[in-house]
Amino acid sequence: MSPSYADTVKLVEDNYFHWEFNMRMKLSRKGLLAHIIKPEFDALSDRSTVQWKTNDLKALGVIAGDVSLTYQVYIRGATTAADSWRMLEEQFNRNTLKNRLIVTKKLHNFKMESGTRFAVHVDQFKEIVLQMETIGEPLDETRQLVLLLGSLTDEYRMISTVLENTPNMTLTYAIQALSGVDASDESSSAQQKAFMAKKSYDKRGFKGKCFYCKKTGHKATECRKKKADEERGQVARETSDYAFTATSAMGKTEWLVDSGASSHMTSVRDKFVSMKELKTPVRITIADGKKIDAVAIGTVGLKLMDGTSVTLSDVLYIPEVEGSLISVAKLAEKDVVAQFS
Numbered sequence: 001m002s003p004s005y006a007d008t009v010k011l012v013e014d015n016y017f018h019w020e021f022n023m024r025m026k027l028s029r030k031g032l033l034a035h036i037i038k039p040e041f042d043a044l045s046d047r048s049t050v051q052w053k054t055n056d057l058k059a060l061g062v063i064a065g066d067v068s069l070t071y072q073v074y075i076r077g078a079t080t081a082a083d084s085w086r087m088l089e090e091q092f093n094r095n096t097l098k099n100r101l102i103v104t105k106k107l108h109n110f111k112m113e114s115g116t117r118f119a120v121h122v123d124q125f126k127e128i129v130l131q132m133e134t135i136g137e138p139l140d141e142t143r144q145l146v147l148l149l150g151s152l153t154d155e156y157r158m159i160s161t162v163l164e165n166t167p168n169m170t171l172t173y174a175i176q177a178l179s180g181v182d183a184s185d186e187s188s189s190a191q192q193k194a195f196m197a198k199k200s201y202d203k204r205g206f207k208g209k210c211f212y213c214k215k216t217g218h219k220a221t222e223c224r225k226k227k228a229d230e231e232r233g234q235v236a237r238e239t240s241d242y243a244f245t246a247t248s249a250m251g252k253t254e255w256l257v258d259s260g261a262s263s264h265m266t267s268v269r270d271k272f273v274s275m276k277e278l279k280t281p282v283r284i285t286i287a288d289g290k291k292i293d294a295v296a297i298g299t300v301g302l303k304l305m306d307g308t309s310v311t312l313s314d315v316l317y318i319p320e321v322e323g324s325l326i327s328v329a330k331l332a333e334k335d336v337v338a339q340f341s
């Protein structure tokens with residue numbers, strides 16, 4: 001039987017945190033873990049016996065054997081397993097300016113490579129988080145969540161959108177949800193075409209209609225009239241939600257434009273022109289505090305009463321939600337494309 005990865009991994013320049021854990025587990029399996037523990041934390045072992053000294057040499061040999069030849073120079077002067085452990089820790093786990101720069105740069109440049117399994121990616125992410133903690137700059141859960149979602153490839157865009165807009169999202173739940181997604185599933189032909197169309201649209205500029213001044217060629221967030229009115233205090237404060245009537249293949253359907261909704265959502269499955277089932281349902285908290293599950297996400301095509309075609313992307317399919325909601329926040333994030341027939 002070939003040895004496992006944990007038994008064969010060698011210490012090199014950039015894998016100390018993985019190696020350190022694997023080595024502790026390896027020494028533990030061999031009954032030698034006490035030999036790298038400081039004496040003040042090990043009151044049970046008698047370190048003066050021949051048996052202890054014999055086992056200590058074995059532990060030293062195990063450690064040295066899993067250090068690459070290039071870095072064995074750092075422990076050549078070690079006479080005990082504890083000495084070698086301390087020397088390696090000082091070399092690879094130093095809280096120096098150089099190490100801080102290296103780890104911080106690694107964090108800022110951390111991106112998922114195309115084709116990488118999510119399990120591998122999140123393992124690499126956790127290692128960087130551990131490194132940040134070691135240099136005295138721990139990352140709180142919210143920042144970890146933001147960095148992890150921001151590091152994913154476009155194949156995870158839809159599920160990331162759902163997670164980003166879920167109140168009280170935790171890192172553990174996000175990892176669980178993302179672990180249930182096969183990146184290849186996210187790249188179905190329909191979704192890939194939609195993504196490519198969006199990229200093409202982004203390159204040639206916005207061709208839709210501003211929801212504020214009703215002119216074409218720009219969005220409300222770019223509207224000069226809106227900005228001017230805001231400066232003069234002429235933009236009325238939102239006091240309530242409002243509705244507009246749209247038509248679809250099903251006939252007339254009322255959509256509520258909701259200033260409090262974090263995502264577009266509907267309970268009518270037939271409205272979707274493309275849809276991706278979520279392997280792990282995402283829990284959404286609605287206005288009355290009730291928790292409901294989004295079980296799919298996709299694209300909905302609508303035709304307004306004035307003949308304008310509107311495409312809503314990243315719409316959540318939630319069987320329990322009442323009616324259909326359009327998120328004002330999502331409109332502002334450029335998720336609506338308006339075309340004129």
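For the sequence shown, the residue numbers in UniProt numbering are 1 to 341.
A virtual CB, placed ideally from N, CA and C, is assigned to each residue, including glycine.
Are residue i and residue j touching if we call contact CB-CB under 8 Å?
i	j	result
Phe125	Ser151	yes
Val67	Leu33	no
Ser274	Lys330	no
Val300	Thr166	no
Thr266	Ser324	yes
Met87	Ile102	no
Leu171	Glu141	yes
Val310	Leu302	yes
Phe118	Leu178	yes
Leu149	Met132	no
What's the call for residue i, buried or exposed, on a 16-neighbour Cβ count within 10 Å?
i	result
Val321	buried
Phe92	buried
Leu44	exposed
Asp314	buried
Ser84	buried
Asn109	exposed
Glu13	exposed
Between the C-alpha atoms of residue i and residue j, what's the straight-line distance to the nearest angstrom?
i	j	result
Glu164	Arg157	10 Å
Ala82	Val129	26 Å
residue 380	Ala59	Since the first and last residues shown for the chain are 1 and 341, residue 380 lies out of range.
Gly65	Asp293	52 Å
Gly251	Gly298	Only weak support exists for where Gly251 lies, its pLDDT of 37 falling under 50; the value from the coordinates is given anyway. The alpha-carbon atoms of Gly251 and Gly298 are separated by roughly 20 Å.
Thr116	Val146	19 Å
Lys98	Ile36	27 Å
Asp154	Met112	10 Å
Arg224	Val328	19 Å
Met25	Ala174	28 Å
Leu256	Ala228	28 Å
Lys215	Ala261	25 Å
Leu278	Glu20	37 Å
Leu57	Leu69	19 Å
Continuous alpha helix (DSSP H) assignments of at least 4 residues falling wholly in the region 112-196: As far as the region 112-196 is concerned, its whole alpha helix (DSSP H) runs of at least 4 residues are 118-134, 141-150, 157-164, 171-179 and 183-186.
Every unbroken beta strand (DSSP E) inside the region 253-296 [3 residues or more]: If we require 3 residues or more, the beta strand (DSSP E) runs fully inside the region 253-296 come out as 272-285.
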